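Below: one structure, written as C-alpha cells.
2 protein chains.
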Amino acid sequence: MATMQDVARHAGVSLSTVSYVINKTRPISDATRARVEAAMAELGYRRNAAARSLASKRSRTIALVLPSTENALGGTLSEIVTQAARVARAHDNHVAVWPGLGSEEQDAAEIHDLVLEGAVDGVVFLEVSLDDARVAMLEKVDVPFVTLGRPARTEGRACVDIDFEAAVDEAVALLAAQGHREIGFVNHSEASRTRGYGPSVRAEAAFADAALRHGVSGTHTWADEDAAGGRGALDALLGAAPALTAVVLMNETAGFGLLAQARRRGLDVPADLSVLAIATSRGVGALAEPQLTSLEVPAERLARHAVETLLDLVEGREAPSEPILVPCALAPGDSVAPPRAG
Amino acid sequence: MATMQDVARHAGVSLSTVSYVINKTRPISDATRARVEAAMAELGYRRNAAARSLASKRSRTIALVLPSTENALGGTLSEIVTQAARVARAHDNHVAVWPGLGSEEQDAAEIHDLVLEGAVDGVVFLEVSLDDARVAMLEKVDVPFVTLGRPARTEGRACVDIDFEAAVDEAVALLAAQGHREIGFVNHSEASRTRGYGPSVRAEAAFADAALRHGVSGTHTWADEDAAGGRGALDALLGAAPALTAVVLMNETAGFGLLAQARRRGLDVPADLSVLAIATSRGVGALAEPQLTSLEVPAERLARHAVETLLDLVEGREAPSEPILVPCALAPGDSVAPPRAG
DNA sequence: CTGAAAGCGCTTACAG
DNA sequence: CTGAAAGCGCTTACAG
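For the protein sequence lines, the chains are R and E, in the order given. With this note's numbering applied, the first sequence corresponds to residues 1 to 342, in that order. With this note's numbering applied, the second sequence corresponds to residues 1001 to 1342, in that order.
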C-alpha cells in the first residue's frame, strides 16, 4: 500500500500538505490540491485507519450495545443496526456491535474499557431499563453515550425514544373517533414491567391518561410474548369488560394468538372487535389476517437520531437537554372499523 | 491513560517486556511477569487499540456485511449479528457492521477499501446470491472472506450455510413417516429465484429429490412474502393436488396467511392438513395457531462457524475445502399429525 | 499558502 | 530470560 509519504513524494509536496488536502483542514491552493489528488489516484492511495486513529485519538467508530434479551420479532433490531451503520458511514464513522453478556455492572466495565482502549469513541445503547446500572456507571466515568429508550431519569443524559405517549394517545383517539367507548390495552408481559422495561410502564400510564382524555372506558392487561399470552389477554379483557369493542395491542408476538382467540370466540375482526397495533416492527401487521392497522416503530429515525446525537457528543457539541421522541408511523390495515350499531 | 512505557517504568522493566507479558509472545520469568502485572493493575493500564493495530497490521476487527434486502422477520439476522459479536469477542476481535448500499460492484469496491485502509481484517457476507459480484471481485483482490450462504461455485471459497437439502429431506421423511402421500412445498417468492437466491433454488430441487426418495407425490409452489402469498400458495397447491394432506413451508412470512386460508377452507391443522415449517427464525413457529412444528435456522452455529473460519483465514490457516453445512434444529409444535384415515 | 518535525503507543526483529 | 531501538502511517502544533 502506498503511504501518505509516497503520495507526497509523487506530488512533490510535503507529507503534511497531503494530510491537509485529505482532511480539508486548512486552505490549499487549487494547483497543489490537484497535484496531490492526481498522485493519490495514480498510486491508489488509501489512508490507514490505525495510523489515523493513533494520531488523532479518534477511532471514528461507535459501539452499538445490543439488547441481551429480544423483546420482539427482531425485525426492529436489525433495521436499527442497519440504519445506524448507514448513518455512521455517511459521517465517515464505523459501527461496532457489542453483545451484552454479563451483569449490567460487568457489561458497563467492559464498555468502559472499549472506550479507554480507544476502540470506540462513544456508545449507543439499543435498549435500557428504567434503572439501568450501565447508564449510571458510564455516566460517572464520562463516556459519551446515547440511549435508545429512556431511563427513569433523563436529565443530563442524551436519550432517543419512541413517543409512546403520543402513540397510545393517537391509537385511543383513532378508536374513539370511530365510535368505540370500551377499549382494551394489551401490554407486554408483566415480567417486563418487573424488570423495569420502560415501554411497558409508560404505555400503561399513557393508556389510562388517554382513556380519560378521550372519554372512553379503558381496560388494561399484560400478555406474555407468545400465542398463549395473546389468547389469555383477550379472555382477560372480555372477562373484565364484556362490552369491549376495540383493543390497542402493544405486543406484536401476542397478536397472532389474540386474533386466533377472537376467531375462536366467534368475533369477527374488525366487525365485532377492532384491533389497532402499536409499536410494531415494520411489516409485521401485514402478515396477519386481517392485516393489522399499525403504528410502526420508526426504526430508521430512531437510529438516525441516536447516531447523530452521539457523534455530536463525541465532537464536544451540546447534547439535547430533552429526550428526542419520535412518533410512530401509521401503516394501514383492515383491522379497525366502527363498532356494530347498538 | 497510562501507556506501556508508564507500566514499564513502574515495574522497572523495558517497554518490550511489558508487551511480551501482555501478548504472551515470548517466555517471561514468573517474577518479572508478576511485577508487570502488578504495575498494570496499579496504573489501570489499558492497551491502546490503534497503536496495536498500527504496529501489528491487524485491526482485530471483522466486517459483517448486512443483506440489502430482508427476507424474513429479521429475527435470524439479529441473532446472527449478536452471536457473531460474541464469538468474535471470545477471540479478542471486534465486529463492524457494513450495510450494502449501492450496486454489488460498488459495494465490493467499498468493502475492498475497508480492508486496504486496515479497518477490517476480513469479511463475512451475511447473504450471497448464487452469482454474487461482490464475491467474485473480492476473491480477485485476495480479501479474506466467508459467505453465509453458498454461491453457485464454492471451490476455493469458504462458505457456511444451512443444510437445506437435509432440512427438506428431514421434513419430507417426517411427513412420509406419518403416512402422508401427497405433500406440497411452499417456497419463497418466484422473484427470489429470479434474483438468484440460493435457498429458494436449492429447496426446489431438494424437494423434488426428497419426494422421489420417500415415494411421495410432491407439488411445489412459490409464495410472496406476505399473507396474500400464503393464501395463494395454499390455493395453488390444492388446485394442483386436491388430495394433498401436508405442506412443507419454507416461507415464514407467508405462513400466517396460509394458516388463515386453511381455516377459511374449513381445513383443520393438523387433522386435515399437516404443516411443517423449515428454516424459520427462532420462536416464530410458536406465535402461530396451532403452534407450528418447525425446523429452525441454526443461527448461532452459523455465526460461530462463519466467524471462526474467517479468523482462521485471517491468521493464514487453511480454509475448509467444502462448504460447512449446518442442520436445522427441530422445534416441536402441534401442526403435524397423520392424515385422516381413508 | 506550505514545510519540517515531534509525537501518538504499540510490535517485533536484532542483540545479548 | 531481557533490553534498546526502529518503525508502523498518520495529525497537528510550530514556523515561515
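Even glycine gets a Cβ: it sits at the ideal position worked out from N, Cα and C. Every value quoted in this text rests on a predicted model; they were computed, and no experiment measured them.
Residues of chain R whose Cβ lies closer than 8 Å to the Cβ of F1256 of chain E are, in chain order, F256, L287, A288, E289. Residues of chain R whose Cβ lies closer than 7 Å to the Cβ of L1116 of chain E are, in chain order, M1, R46. H214 of chain R is not bridged by DSSP to any residue. Assignment of L148 of chain R by DSSP, reduced to helix, strand and coil, places it in the strand class.
Between A233 of chain R and G184 of chain R, the alpha-carbon positions lie close to 10 Å from each other. Membership of L302 of chain R in the alpha helix (DSSP H) is indicated by the continuous run 299 to 314. Chain E has no Cβ within less than 8 Å of the Cβ of V36 of chain R. In the DSSP assignment, no residue is bridged to A108 of chain R. Counting only Cβ-Cβ distances below 7 Å, T1253 of chain E has contacts in chain R at L287, in chain order. Boundaries of the beta strand (DSSP E) around E296 of chain R: 293 to 296. Residue pairing of H1220 of chain E in beta bridges, as defined by DSSP: E:F1185. Taking 8 Å as the threshold, the shortest C-beta distance from P1320 of chain E to chain R does not fall below it.
At a cut-off of 8 Å between beta carbons, P1099 of chain E contacts chain R. In this structure V307 of chain R does not touch V135 of chain R by the C-beta definition: roughly 18 Å separates them, more than the 8 Å allowed. L1244 of chain E and E1155 of chain E have their C-alpha atoms spaced approximately 40 Å apart.
Shortest Cα-Cα distance from T1082 of chain E to any of R:G74, R:R89, R:Q83 involves R:G74.
For a Cβ distance threshold of 8 Å, residue set L1073, G1074, G1075, T1076, L1077, S1078, E1079, S1281 of chain E lies close to G74 of chain R, ordered along the chain. Under the DSSP assignment, V21 of chain R falls in the alpha helix (DSSP H) whose first and last residues are 15 to 23.
Here S1321 of chain E is actually not in contact with T1293 of chain E; their C-beta atoms are around 35 Å apart, not less than 8 Å.
For A211 of chain R, no chain E residue has a Cβ inside 7 Å of its Cβ, as the nearest lies near 28 Å away.
In this structure, the CA atom of H1305 of chain E is about 8 Å from the CA atom of I1324 of chain E. Linking V269 of chain R to A1227 of chain E through their CA atoms gives a straight-line distance of about 16 Å. With respect to the C-alpha of V1275 of chain E, the residue from E:G1283, E:G1149, E:M1250, E:P1298 having the closest C-alpha is E:M1250. Shown here, V7 of chain R sits in a helix according to DSSP, grouped into three states. A1271 of chain E carries a coil assignment under DSSP once its states are collapsed to helix, strand and coil. Per DSSP, the beta bridge partners of S1129 of chain E are E:Y1197. For I1062 of chain E, no alpha helix (DSSP H) encloses it; the enclosing beta strand (DSSP E) starts and ends at 1061 to 1066.
With contacts defined as CB atoms closer than 8 Å, S1129 of chain E and R1181 of chain E fail to qualify as a contacting pair.
The CB of T82 of chain R comes closer than 8 Å to the CB of L1066, V1097, P1099 in chain E, given here in chain order. Near chain R, meaning a CB-to-CB distance below 7 Å, the residues of the segment 1212 to 1243 of chain E are D1226, A1227. Among the residues of chain E, those whose CB is under 7 Å from the CB of L54 of chain R are A1050, A1051, L1054, following chain order.
By the C-beta density criterion, N1023 of chain E is exposed, having fewer than 16 other C-beta atoms within 10 angstroms.
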